[in-house]
Every structure is written in C-alpha cells, then in structure tokens.
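Chemist: Protein chains in written order, with my numbering: chain A, 3 to 484; chain B, 182 to 431.
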Amino acid sequence: MSTEQEDLENLVNRRYEHGFVTDIVSESLPPGLDEGVVRAISALKKEPEFMLEWRLRAYRMWLEMQEPKWAHVHYPPIDFQDISYFSAPKSDADKPQSLDEVDPKLLETYDKLGIPLHERARLAGVAVDAVFDSVSVATTFKEKLSEAGVIFCSFSEAVINHPELVRKYLGSVVPQRDNFYAALNSAVFSDGSFVYIPKGVRCPMELSTYFRINAANTGQFERTLIIADEGSYVSYLEGCTAPMRDENQLHAAVVELVALGDAEIKYSTVQNWYPGDEEGKGGIYNFVTKRGDCRGANSKISWTQVETGSAITWKYPSCILRGDNSVGEFYSVAVTNNYQQADTGTKMIHIGRNTSSTIVSKGISAGHAQQAYRGLVRVMPQADGARNHTQCDSLLIGKECGAHTFPYMEIKNPGAKVEHEATTSKISADQLFYCRQRGISEEDAVNMIVNGFCKEVFKELPMEFAVEAQALLSVSLEGAVG
Amino acid sequence: MLEVKNLKASIGGTEILRGLSLHINAGEVHAIMGPNGSGKSTFAQVIAGHSDYEVTDGTVEFNGKDLLELEPEERAREGIFLGFQYPVEIAGVNNAYLLKAAVNAKRKHQGLDEIDAFEFLKLAREKMALLGMDPKFLNRGVNEGFSGGEKKRNEILQMAMLEPSLAILDETDSGLDIDALRAVAEGVNALRTPDRAIVLVTHYQRLLDYIEPDYVHVLSEGRIVRSGDKSLALELEEKGYDWVREAANG
C-alpha cells in the first residue's frame, strides 16, 4: 500500500516538475457581460496588453451583431446576460473522490464504449490525483514533443510564452467579426489548445487534447489555434467518445488552422456532449466556428468529424484554399437521435489555382431528430483548374425524423469541375427482418447497417478513434428502433 | 421436428391461413404447392416470425419448443432458415460481414466460440465453390446489384453456412434461368442430410425435377387440401390448380 502511495506521489510530483499543470485561478465571475467582464477575464489570466485590446475589439463588434437565425434549428432565446463568463475549474476537493461516487449510468456507458478503467476516472471528473496512468503517459509524451521542437500547450500558456506567434496568427483565419458566436468567443474565450509545428517537422505522434489534462475544464468558450509551418505535418484529435457532461448549456468554440506551404493538417473530432434527455430537455448548444486556411502552395487541410452529442449542433468546418494546388477535405458522420437538431456541413473556398476539395457527409437521423447538411462550394474567378466532389448521404431510422440538404455552389470560374451527389435512404423493416431471420438481433442489425453507411468516413479516422467511433454510434442509436 | 396444428394467421385483418396442419420429420423434403394467394409465402413468413402476420389460432412446435413464443432471431438461432423469395439489398454492408455475424450469432447461442476470420473465410470459400459462386461476392454489399440468380444463390450460400435443421425455401426457383436453377438445386441437394428437413415452397413443378421431394402438399385458401408423394406434383401439373380448388370445395 505504502509503495503504491509513493508511486502516486512520484507521479504527481513529476507532473509538477514538468510544469504540466498551469496555476488554477480560483475566482469566478457573476453572470453578465460588459466591458468590465472582458477586462476581468484578461486580468485573471494575466494576459499582455495586446490580448486585452483584441478581446475588447471583439466585444465591441459583438455588441453590434445579431444572433444568426438562418440555421434549420429551433431553440428558446438565449439570455447572454444570464451566463457566467468565467468560472474557475472545480478544485479536487469538490470532485468525486473515486468511481464509486460517480453516476452508475455513466459508468455503464463507459463500459459499452470499452473505455479503459484508468481513463474512466478522468472522464468522470474524479480528482486528478487518483488518475495516475495517463499522467505518466503524458509526461513522456511531452518530452518527445519538445525534442522535435513542437509547441503544444494550453492557449493561456501560449499567450504568455509565445506572444509573437499568437499575435501573428490569432484571428487570421476566423476574424473577430466573422460571426456572432465567433465574436463572442473572441471577447471571452477561456482557454483551449495551441499547436505550432516548426518547418519541415513531422509531428512524431498524434496530438490529442486527451493528453492535456489541465485543459479538462476549458469551459464553454474554447479557442484552438494550430499552425503548421512550411513542409510540416500534424494530426490532431479533439474530443472523446465518452459522454461529456457540462453544466454550461452554451458552447461557442473557435478553431483556427493555418497550413503554410507544403504543410498538412489532419484534424479529427469526436463530439459527444450531453444531448439532453429522451424528451430533449437539457443538452448542450454547440455553436462552433472551425476554419482552416491552406495559406501556402501544396498545403492540405483535412477535417474528419463524428458528431453524436449536443442538443443542437451548428458547425461548418471549412477550408480556404488560398495556395495553389492546395487540398481541402471534409469527412463527416453526424448522428441525431430523440430530439437532437444538427445543422452542419462545410465550406470550401477555392482561391488558388488547381485547388481541389472533397466533401463526404453522412447524416443519420432517428427518433424525432432533425438534421440538415449545409454546404458551400465557392470557386473564385482566378481559381483555374479547381475541382470539387461532394457526396452527401442521409439515412433515416423511423418515421418521425427528418433530413434536409442545402447545397450552395458559387462558381465564378468557367473551367471549374464541381460534382454533387446526394442520396437519402431508410433502414427498412424488410432489411431488419432479413437480418433477424439470419439470427442477428435488431440492434446489431441497425449497427451493421449504420456502420456500413459510415465506413467511408470511418476509414479517415485514426485507427483507435475509428474503433471507438463505431461503438459510439451504436450507443447513440440505442433504442432508435422498435 | 416441426408440428403445425390448425394454424390460422392474418395480415391487416384478412385471414390467409385458415387451419393449416403439417408434420415434418428430420431428413424429409416437403414441397408445398398451390396457386397464387393460397398462403404458401404466408406460411413461410409465419414460421420465420414476420411481425406483419398475426397468428390467431393453432400451435407450432419445433423440436419440442413453442415456436410462436420466440422472436425471429431466436427461431433462426434454433435452426430455422428462410430462403427469401425477394432477398433484400443492404447497401454498404459487406456480404462476408453479414454472413460472419449470422454464423457467430448462432455459435454464441450454441455456447461455441466465435469463428475466427481465417476459418470463416476457408469455410465460405469451400461452400461457394460448391455453389459455383465467385469468391468476389463476399466483398460486395449484401445482394447489392446482384442479378436474380445471384441473389438466390446467395440465399443458398447462407443456408450452407448456417447449417439449419429446417430450411424453408420460398419460391427459390422464381426468376431463375435453367442454368441458375440447376446450380441452386444442386446446392440444395448437397445440403440434404438425415438430420435436416427442407420445405420447398413453389408454384411450379419444374423445381421438383431437380430436387425430388418425399412429400407434396397442395395448399388452397389457407389449408392443405391434398398430400401425397412426388407423383401428386405431376398430376397437378397435368390437371392444373382448378382441379384442386374443385376438390377442396367439393
């Protein structure tokens, strides 16, 4: 017992030795938003002057903007003065001290997803001292990265330690005034991830927020900035298949990717925020702005997403194909069940010559869920040789759900080649009976059909993510039939 | 093996089976013939447990178990196989994947370990060779873009892999040209064993030239009106179904 305790202490100490956990600010701000709140957030985070100025500009822009209403989603009005824009992460003393104190239903889900025991504690928000396996993994991980010259830290750390990079790239892909929620995020963002891959470096491992334990409570206004310098490569994994609970209903994140010449960024997301109960009560509003800029020639940005959570999802990971020969990709599986709503898709903006983009969107609706694919392909006059292929498929389970497709194309170059294919199919009673007659249960049959429908996207996910994503889909669609 | 007594079933309030009784032993091949609308396919669907049909009366016992109490997948795992008249297409689901899932569902039910990938592939290739099927079929979507003959052959492949104790083949001969019919019939004949019973549901006598039944039953208006040996099928071919109808009414 005592050796175990020693091990634990060693690990904890080692963690602090490497500065892996940033100081936790203990204050919280009361609900409401004004300039004073923006100043207070910046002060609490000990930010340099430029950051405060940037936030204030965003705040003033936001004041003049309107909440967007064009998405195919419905929800009661949000009172932005009723939200607390800064709350300190819970201290370990307030967290459950062991898995015994965690909701058994949540643990059951972890079990179905096949999540390893040591991860369950972390995911369920058990006091971090009790979670030691992943800490040691993270430490070795951190060492390897710094050898390669890769910067991977929380956004707050980056603002303090790498202000020149933050200053140069922040807002260069998603400007403060881009949209209502991006402006709000720019004013009040709490924390997030920062990645810089130096010239010619192939990041030695897949970067995952999973390893950034201190970012576990980045809160509702997350900000991510990834810069791949010339000739570099990085694969970034965001999120987790385990259900994430959060007391904040509104989430408005911003993700900016910059790929310079010959660089490649692969960004994979699994989003499984709390979707609300079977009647659609509670649940996260997920209003995200994600955009990548293929700034240099021959650069490539690839978005892969598996979206199963949230009550409302409003999200269009996009690529600006500025560099000649640059490539943009979007692979998406979105699942909506019960009363979930999703309006998701992508934008591909072709500016450079010989730019190409691929869009593969797979939408699955069950229960009373409503889902929309909204995509824009824009080819600018100078984008000679631009090509796009869009494949947009919907699968319906049951009679009460809906799927909608809103493809927009703005082609200003007569030589562009743009293709769009769309299908809508249903899991039919005949298919299910056929499978059952072969001894396969109805639930397994649905999973089999759904996974078959999604496999084009799953094959783009990193291996371990793909396996988890399949399990996640079956949990998300539990009880969708019958 | 199968004991059907006074079975009555309806769909959407219309009675289709009106007191059907049938006794089948292991090792036997039974042909159920009858005009369109006589209830042949309904009988097959009811035995498999299709939820569109409501059983209103009668009993069905299978190897001593009350079949009507079981879910369709449980019936399948107990050894009942239905070769569909119109096998459904399932786009995106690999044929091999469905087959393996089906084989493993049954093995699990029998308390056996899951079949490993290598063993499965070997077995599948063996059975496909027997049916004259191209192994490439394994990697295609279930029945996706298959011709009529390919779909029916695929049904027999599934039967060969699942080794049911009772196989009901619903209009397996419909839509087949003579070569495909012969290939399917050879496949079925190869699966005739002393511990397996086969029920051929068919409109025409043609199939029975290739698969010789031990018993022939004639169905009319939801009841078996005549039973006999294979000569009954020939007599039927000669005299037509009107003869049966008259016999039933008379």
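Every residue gets a Cβ at the ideal spot worked out from N, C-alpha and C, and that includes glycine.
In chain A, what lies closer than 8 Å to residue 211 (chain B) by C-beta?
Modeler: What residue 211 (chain B) touches in chain A: nothing, since even the nearest Cβ is about 19 Å away.
Chemist: Whole angstroms are fine: how far does the CA of residue 269 (chain B) sit from the CA of residue 199 (chain B)?
Modeler: Cα to Cα, residue 199 (chain B) sits roughly 28 Å from residue 269 (chain B).
Chemist: For residue 231 (chain B) and residue 190 (chain A), I'd like the C-alpha separation in whole angstroms.
Modeler: Near 58 Å, if we compare the C-alpha coordinates of residue 190 (chain A) and residue 231 (chain B).
Chemist: With a CB to CB cut of under 7 Å and the five nearest residues on each side skipped, what residues in its chain are close to residue 2 (chain A)?
Modeler: With chain A represented from 3 up to 484, any question about residue 2 (chain A) goes unanswered, as that position is not in the structure.
Chemist: Taking its Cβ as the centre, do 16 or more other Cβ atoms sit within 10 Å of residue 410 (chain A), making it buried, or is it exposed?
Modeler: Label assigned to residue 410 (chain A): exposed.
Chemist: Please identify the residue among B:369, B:416, B:182 and B:413 whose C-alpha is closest to the C-alpha of residue 260 (chain B).
Modeler: Ranking B:369, B:416, B:182 and B:413 by Cα distance to residue 260 (chain B) puts B:182 first.
Chemist: Which chain B residues are close to residue 324 (chain A), counting only those with a beta carbon under 8 Å from its beta carbon?
Modeler: By Cβ distance, chain B contributes nothing, its closest Cβ being about 36 Å from residue 324 (chain A), past 8 Å.
Chemist: Could you pull the DSSP bridge partners for residue 411 (chain A) from this structure?
Modeler: Looking at the DSSP assignment, residue 411 (chain A) forms a beta bridge with A:379.
Chemist: When the cut-off is 8 Å and only beta carbons count, does residue 283 (chain B) lie next to chain A?
Modeler: Taking Cβ atoms only, chain A reaches closer than 8 Å to residue 283 (chain B), which makes this a yes.
Chemist: Applying the criterion that 16 or more other CB atoms from any shown protein chain within 10 Å of the CB defines a buried residue, is residue 28 (chain A) buried or exposed?
Modeler: The predicted position of residue 28 (chain A) is uncertain, since its pLDDT is 42 and thus under 50; a value taken from the coordinates is nonetheless stated next. Residue 28 (chain A) should be labelled exposed.
Chemist: Can you tell me whether residue 265 (chain B) is helix, strand or coil according to DSSP?
Modeler: In the structure shown, residue 265 (chain B) sits in coil (DSSP, three-state: anything other than H, G, I, E or B).
Chemist: Would you kindly report the start and end of the unbroken alpha helix (DSSP H) that includes residue 454 (chain A)?
Modeler: From DSSP, the alpha helix (DSSP H) with residue 454 (chain A) extends over 444 to 460.
Chemist: Applying a beta-carbon distance threshold of less than 9 Å, which residues of chain A neighbour residue 421 (chain B)?
Modeler: None at all; the shortest Cβ gap to chain A is about 33 Å.
Chemist: So, are the CB atoms of residue 375 (chain A) and residue 387 (chain A) less than 8 Å apart?
Modeler: No. Outside cutoff.
Chemist: What did DSSP end up calling residue 84 (chain A) once you bin it into helix, strand or coil?
Modeler: Three-state result, residue 84 (chain A): helix.
Chemist: So which residues of chain E does residue 277 (chain B) contact, with C-beta pairs closer than 7 Å?
Modeler: No chain E is present in this structure, whose protein chains are A and B.
Chemist: Thinking residue 330 (chain A) and residue 350 (chain A) are a contact (beta carbons under 8 Å), I'd like their distance in whole angstroms, please.
Modeler: About 5 Å; that satisfies the 8 Å criterion.
Chemist: Inspect the beta-carbon positions of residue 278 (chain A) and residue 325 (chain A) and report whether they are closer than 8 Å.
Modeler: Taking 8 Å as the Cβ cut-off, residue 278 (chain A) and residue 325 (chain A) do not qualify as a contacting pair.
Chemist: Checking 8 Å against the spacing of the C-beta atoms, do residue 227 (chain A) and residue 270 (chain A) come in under that value?
Modeler: In this structure, residue 270 (chain A) does not lie closer than 8 Å to residue 227 (chain A) by Cβ.
Chemist: Does the beta carbon of residue 443 (chain A) sit closer than 8 Å to a beta carbon anywhere in chain B?
Modeler: Taking Cβ atoms only, chain B reaches closer than 8 Å to residue 443 (chain A), which makes this a yes.
Chemist: Would you report the Cα separation of residue 465 (chain A) and residue 309 (chain A), rounded to the nearest angstrom?
Modeler: Whole-angstrom Cα-Cα distance: 17 Å.
Chemist: Please state the DSSP three-state secondary structure of residue 307 (chain B).
Modeler: DSSP places residue 307 (chain B) in helix when its eight states are reduced to three.
Chemist: Give me, in chain order, the residues of the same chain whose beta-carbon lies closer than 6 Å to that of residue 301 (chain A); leave out the 5 immediate sequence neighbours on both sides.
Modeler: The residues are 261, 265, 325 and 328.
Chemist: For residue 348 (chain B) and chain A, any beta-carbon pair shorter than 8 Å?
Modeler: Judged by the 8 Å Cβ criterion, residue 348 (chain B) is not in contact with chain A.
Chemist: Since residue 381 (chain B) is in the beta strand (DSSP E), which residue starts that stretch and which ends it?
Modeler: From DSSP, the beta strand (DSSP E) with residue 381 (chain B) extends over 378 to 383.
Chemist: Since residue 472 (chain A) meets chain B, which of its residues come closer than 9 Å, beta carbon to beta carbon?
Modeler: Here the premise fails: no neighbours, minimum Cβ distance about 12 Å.
Chemist: Can the beta-carbon of residue 352 (chain B) be found less than 8 Å from the beta-carbon of residue 226 (chain B)?
Modeler: Against a cut-off of 8 Å, the Cβ pair of residue 226 (chain B) and residue 352 (chain B) comes out as no contact.
Chemist: Return the chain-ordered ranges of every alpha helix (DSSP H) run that is complete within the region 158 to 191 of chain A and spans a minimum of 4 residues.
Modeler: Whole alpha helix (DSSP H) segments, 4+ residues: 165 to 171 and 182 to 190.
Chemist: Could you confirm whether any beta carbon from chain B is found closer than 8 Å to the beta carbon of residue 157 (chain A)?
Modeler: Chain B contact via Cβ: absent.
Chemist: List, in order along the chain, the chain B residues whose C-beta lies closer than 8 Å to that of residue 451 (chain A)?
Modeler: Going along chain B in sequence order, the residues near residue 451 (chain A) (Cβ under 8 Å) are 271, 273 and 274.
Chemist: Helix, strand or coil for residue 269 (chain A) per DSSP?
Modeler: Residue 269 (chain A) falls in the strand class under three-state DSSP.
Chemist: With the cut-off set at 8 Å, would you say residue 203 (chain A) and residue 234 (chain A) are in Cβ contact?
Modeler: In this structure, residue 234 (chain A) lies closer than 8 Å to residue 203 (chain A) by Cβ.
Chemist: Counting only the same chain and skipping the five closest in sequence on each side, list residues whose C-beta sits under 7 Å from that of residue 82 (chain A).
Modeler: For residue 82 (chain A), where only same-chain residues beyond five positions count, the Cβ hits under 7 Å are 35.
Chemist: Say whether chain A places a C-beta atom closer than 8 Å to the C-beta of residue 306 (chain B).
Modeler: Output row for residue 306 (chain B): interface = no.
Chemist: I'd like the list of long-range same chain contacts for residue 236 (chain B), defined as Cβ closer than 8 Å, with 5 residues on each side in sequence excluded.
Modeler: For residue 236 (chain B), where only same-chain residues beyond five positions count, the Cβ hits under 8 Å are 188, 189, 190, 227 and 249.
Chemist: Should residue 144 (chain A) be flagged as near chain B, meaning a C-beta pair shorter than 8 Å?
Modeler: Judged by the 8 Å Cβ criterion, residue 144 (chain A) is not in contact with chain B.
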